[in-house]
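Chains as they are written, first to last, in the working numbering: chain A, 11 to 285; chain B, 103 to 375.
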């Protein structure tokens, strides 16, 4: 984009802006809701690692002639299911998760090495390219996002129970493993979506930032989830608008807003505690 | 009706025999203090009563029926291994998460669930503190919230696993008094495991002492004796009664306190000998 237009309505006359806003909106809603439970369960690092696995999936898919998007979705989902299945044994294993994370980036690099003409797109994959999203991708994101939200809605109640009180939940016949698998599958899909907006390296900013801030701002569950969604939506849309007017990268603006909101909420929490 | 009946129960986990041919009966409405050294099987016995640990031989009946997972008539307060103090959720949302938590679906604020949670919170006197985030509650306050959670659905039997752990003596006395009052008011049986006997003296109806795969159930004066405890510990145990308190000693070393204190390096058992 060249020089910025003076009023906000003018940017909406471009199709690529409409697509970007739609895609970012869908993803922000899904990432906010799913991220809330990811933060609650203390699995943010696992979520972060999943996106890196997706990088290997995307580059690997290109190498064998498939779409990078579906490669990313497929491998992220597979890794999510595996993490969910291993459940307790994986959560808290930061070193093992970190090793898988770096191995995935390494593999991605290797695949790029074999398929050099793809290198230009690698930046988009790593840091996001929301202005490159077309209408078809928006529909795909909408479909996957809806699936995430439906599954999340179905499992929310026992997921919350097993997160807050695992021993008691087990005594009431709730299966921690089944919930862990289903939830990590949802996380994987949400991560794959978020990677389309801000890139695999910056997924944390949409999945974790708004949710963590929301938990600082409200101790009520329903309100917390709603806040996470609204904060994510605000950060994503404002980020796109600021990028349009400054010509700086969208992902930069979203990470900046996400960090600003998180630290402001943390500061507010500390002030309230001190008072 | 009997609350808990064990008939020749043996429980093994891996190669380790936790309980060996134990038979005992706990009546409805009884307050039982469960004691025994670390690893004696207190938690395992509770999990067996909940149907989470299978018996190797023998049978357990709970409130007149065979054990089964998810029995709504049994309230359970697990020893909190997961640190709930890290959650920023309110105590009320925490308690209500256990009401119908086994069902699928969105936990829309169902009025009936909140009513039930509020009733339980009222019973433990925690209506006010339940509005605060868990991260901002004290250990004693959290124990009350956990107790409220165990009381959801009006159970007839309450299993409390080490509810006194990591509480100072003042809060310990509060929790014991609260449980006693609840047990009297709503007439339920309570199985209350603890590291120390003395805080429970005068409150419990009978004591259940586990050790060495065996169990002794009876009035404090009959169970906490040198012959019975020597059998349960598998070594010579001396029981000293002093000013209404009881000290269980092995070679001048006070056993129950020692389990609390030996991380700090020194047990002061000698003072009482």
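Just so you know, even glycine gets a beta-carbon here, dropped at the ideal spot from N, CA and C. No experiment lies behind these values; they were computed from the predicted model shown.
Considering only DSSP beta bridges, list what residue i is partnered with.
| i | result |
| --- | --- |
| residue 102/B | In the structure as shown, chain B starts at 103 and stops at 375, and residue 102/B therefore has no counterpart that could be examined. |
| residue 351/B | 340/B and 356/B |
| residue 126/B | 108/B |
| residue 316/B | 313/B |
| residue 159/B | 112/B |
| residue 235/B | 192/B |
| residue 121/B | 113/B |
Does the beta carbon of residue i sit closer than 9 Å to a beta carbon anywhere in chain A?
| i | result |
| --- | --- |
| residue 149/B | yes |
| residue 178/B | yes |
| residue 188/B | yes |
| residue 333/B | no |
| residue 326/B | no |
| residue 172/B | yes |
| residue 244/B | no |
| residue 181/B | yes |
| residue 217/B | no |
| residue 373/B | Confidence in residue 373/B is poor, its pLDDT being 36 and thus under 50, which makes the residue's placement too unreliable to answer from. |
| residue 240/B | no |
| residue 163/B | no |
| residue 363/B | Caution is warranted here: a pLDDT of 43 is assigned to residue 363/B, below 50, making its placement in the model unreliable, and the coordinate value is therefore given only provisionally. False, the Cβ-Cβ gap to chain A never drops below 9 Å. |
| residue 200/B | yes |
At the level of alpha carbons, what is the spacing between residue i and residue j?
| i | j | result |
| --- | --- | --- |
| residue 267/A | residue 299/B | 56 Å |
| residue 83/A | residue 41/A | 15 Å |
| residue 252/B | residue 179/B | 6 Å |
| residue 208/B | residue 161/B | 38 Å |
| residue 71/A | residue 216/A | 25 Å |
| residue 259/A | residue 154/B | 54 Å |
| residue 374/B | residue 279/B | In this predicted model, residue 374/B has a pLDDT of only 36, less than 50, meaning its place in the structure is not dependable; the value taken from the coordinates is given anyway. Spanning the two alpha carbons is a distance of roughly 27 Å. |
| residue 224/A | residue 182/A | 30 Å |
| residue 55/A | residue 107/A | 8 Å |
| residue 177/A | residue 184/A | 10 Å |
| residue 337/B | residue 229/A | 52 Å |
| residue 89/A | residue 206/B | 25 Å |
| residue 174/A | residue 199/B | 8 Å |
| residue 371/B | residue 335/B | Low local confidence applies: a pLDDT of 35 at residue 371/B is under 50, so the model's placement there is unreliable, and no value is given. |
| residue 43/A | residue 238/A | 6 Å |
| residue 131/A | residue 220/A | 28 Å |
| residue 350/B | residue 339/B | 7 Å |
| residue 31/A | residue 213/B | 38 Å |
| residue 106/B | residue 212/A | 55 Å |
| residue 276/A | residue 249/A | 21 Å |
Against chain B, with Cβ distances strictly below 9 Å, would residue i count as a contact?
| i | result |
| --- | --- |
| residue 166/A | yes |
| residue 97/A | no |
| residue 53/A | no |
| residue 179/A | yes |
| residue 230/A | yes |
| residue 23/A | no |
| residue 225/A | yes |
| residue 182/A | yes |
| residue 41/A | no |
| residue 171/A | yes |
| residue 234/A | yes |
| residue 163/A | yes |
| residue 48/A | no |
Tell me the residue span of the alpha helix (DSSP H) that contains residue i.
| i | result |
| --- | --- |
| residue 170/A | 145-174 |
| residue 219/B | 213-225 |
| residue 109/B | It is not in any alpha helix (DSSP H) - residue 109/B instead sits in the beta strand (DSSP E) that spans 104-115. |
| residue 279/B | 271-288 |
| residue 27/A | 25-50 |
| residue 245/A | 231-256 |
| residue 187/B | Where residue 187/B is concerned, there is no enclosing alpha helix (DSSP H), given that its DSSP letter is neither H nor E. |
| residue 245/B | 241-252 |
| residue 205/B | Neither: residue 205/B is in no alpha helix (DSSP H) and is coded neither H nor E. |
| residue 226/A | 219-227 |
| residue 84/A | 78-96 |
| residue 142/B | Run containing residue 142/B: none; DSSP gives neither H nor E here. |
| residue 333/B | 328-335 |
Can you name the start and end residues of the beta strand (DSSP E) that residue i belongs to?
| i | result |
| --- | --- |
| residue 196/A | Looking at the DSSP string, residue 196/A is not in any beta strand (DSSP E); the run it does join, the alpha helix (DSSP H), is 186-208. |
| residue 177/B | 176-179 |
| residue 166/B | Looking at the DSSP string, residue 166/B is not in any beta strand (DSSP E), and its letter there is neither H nor E. |
| residue 263/B | Unbroken run through residue 263/B: none, as it is neither H nor E. |
Tell me, to the nearest whole angstrom, how far the beta carbon of residue i is from that of residue j; I am working on the premise that it is less than 8 Å.
| i | j | result |
| --- | --- | --- |
| residue 34/A | residue 207/A | 5 Å |
| residue 289/B | residue 131/B | 5 Å |
| residue 65/A | residue 135/A | 6 Å |
| residue 7/A | residue 137/A | Outside the shown range of chain A, which is 11 to 285, sits residue 7/A, and nothing can be said about it. |
| residue 110/B | residue 315/B | Actually they are not in contact, since the Cβ atoms of residue 110/B and residue 315/B sit about 13 Å apart, beyond 8 Å. |
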